[in-house]
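The structure appears right after this line, and notes come after that.
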Amino acid sequence: MKSNTFLIWDLPTRLFHWLLTTGFIAAALIAFLAEEESRLFPYHAILGLALLLMVVLRLVWGLIGSRYARFGSFLFGPRAVFIYLKEAFLGGSTRHNGHNPGSAYAIFGMLALVLGISITGIMLSLGDKGIKEAHEVLSYALMAVAVIHVLGVVFHTLRHRENITLSMVTGRKECEPAEAIASARPVAAAIFVVLLAAWTFGLFSNYDAATNTTRLPLIGTSLRLGENGQHDLRTQDRNKTGNRARKHDDD
Ligand code: HEM
Ligand code: HEM
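According to my numbering, the residues represented by the sequence shown are 1 to 251, in order.
This is the structure we're talking about:
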């Protein structure tokens, strides 16, 4: 680790980032690759509901978190974005220890999109089939913004020869010691992990394969996570048994 690097990203922010990234990729892969009737499809909604809690907790952290995690530290006006983009393409570089004006807009967009996708997903699961298109459009929009975000990270990495992806892992960046945060906030990180694990565990343990539904922990609302998979499996089993019985009759 370079000696002139100091702590910028607290642990809750780093955990949030990598859990959000993994959960989003997994939820999207299941949505595209698994049949709605498959055993895997309910995991799509459960992952999506985990992402919802992550973003809700990130919104709280954006108000009470450490310096660079707070939304106030990356609220930039259009002028700052214009200057940032001009410098990015024409040269010159104002340094930002936290999020820069370019990534800030993508970040707010991604947080809002996860909320929109989860809310429309919940409406779908409550039986509002008309909202399906909105759920899909918002999902595609998030994929597009996430791709732009990653391209932005690659661009920054090459242009400034600064491994900001590694910074999102270690929390450290090159900066003046006085600009660093004092603590990685491990207690807040532990609370984040415990709340997320409890919520996800609750969603799993409330899951009823026979009806393909789960109940939201503490809230109690019942959600249907796709088509009734178990019913279809039972029908397949009945067909298989029927076929076997017919085979015996033939013997
Ligand atoms: C593997 C690909 C990814 C890499 C390498 C990556 C890297 C990064 C980096 C370096 C930052 C800090 C940016 C800055 O310095 O301003 C960041 C922030 C962020 N990224 Fe990613 N990212 C990836 C995928 C994603 C995906 C798929 C999403 C959303 C679905 C996402 C959402 C975010 C959010 C919300 C932040 C802000 C973190 C916070 O302040 O809480 N990222 N990412
Ligand atoms: C970031 C998270 C999510 C992403 C990227 C996402 C994406 C998608 C996509 C692309 C589809 C269409 C799949 C297809 O056409 O076969 C879909 C369908 C669906 N999603 Fe999500 N979704 C997310 C979260 C959720 C959540 C939180 C729920 C419910 C609580 C949910 C419930 C559903 C349901 C029930 C369908 C099937 C709709 C139907 O065909 O009737 N999703 N999702």
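Where is the CB? At the ideal position from N, CA and C, for every residue including glycine.
For I8 and H99, what's the separation of their Cα atoms in angstroms?
I8 and H99: Cα-Cα distance of roughly 10 Å.
Given that a residue counts as buried once 16 or more other Cβ atoms are within 10 Å of its Cβ, and exposed if not, what is G229?
For G229, the predicted structure reports a pLDDT of 45, less than 50, and the residue's modelled location is therefore unreliable. A value from the coordinates is still provided. By the 10 Å Cβ count, G229 comes out buried.
Going by beta-carbon coordinates alone, are T214 and L223 separated by less than 8 Å?
Yes. Within cutoff.
Pick out whichever of A88, A197, A182 has its Cα sitting closest to the Cα of D10.
Ranking the options by Cα distance to D10, first place goes to A182.
Quick check on S118: buried or exposed, where buried means 16 or more other Cβ atoms within 10 Å of its Cβ?
Burial call: buried.
On a CA-only basis, which of A34, H135, E176 is nearest S3? Give me that one, please.
The residue with the shortest Cα to Cα distance from S3 is E176.
Going by DSSP, what residues sit across from E174 in a beta bridge?
According to DSSP, which records beta bridges pairwise, E174 is partnered with T5.
With H, G and I counted as helix, E and B as strand and the rest as coil, what does DSSP make of R95?
Three-state result, R95: coil.
What's the call for S125, buried or exposed, on a 16-neighbour Cβ count within 10 Å?
With 16 or more Cβ atoms within 10 Å of its Cβ, S125 is classed as buried.
Give the C-beta separation of S103 and G152 to the nearest angstrom, bearing in mind that I take them to be a contact with Cβ-Cβ under 8 Å.
About 6 Å separates the two Cβ atoms, so the contact holds.
Measure the C-alpha to C-alpha separation of A294 and L15 and round it to an integer number of angstroms.
With the chain represented from 1 up to 251, any question about residue 294 goes unanswered, as that position is not in the structure.
Would you mind sorting K240 into buried or exposed? The rule is 16 or more other CB atoms within 10 Å of its CB.
Reliability fails at K240, whose pLDDT of 39 lies under 50, so the model's placement of it is uncertain and the value that follows must be treated cautiously. Exposed.
Are there any heavy atoms of ligand 1 lying less than 7 Å away from the beta-carbon of H17, as far as the coordinates show?
Answer for H17: yes, Cβ within range of ligand 1.
Can you tell me whether F32 is buried or exposed, with buried defined as 16 or more other CB within 10 angstroms of its CB?
When all chains shown are included, F32 counts as exposed.
Using 10 angstroms around the beta-carbon of W18, count the other beta-carbons present and answer buried if the total reaches 16, otherwise exposed.
So W18 counts as exposed.
Please look up how many angstroms separate the CB atoms of A106 and H156, rounded, as I've assumed it's under 8 Å.
No, A106 and H156 are not in contact; Cβ-Cβ is about 12 Å, not under 8 Å.
In whole angstroms, what separates the C-alpha of N97 from that of G171?
About 11 Å.
Can you tell me which of the three DSSP states M157 falls into?
For the record, residue 157 in the displayed sequence is Thr; it is not Met. In the structure shown, T157 sits in a helix (DSSP, three-state: H, G or I).
Which class does S66 belong to by DSSP, given the choice of helix, strand or coil?
Reduced to three states, the DSSP call for S66 is coil.
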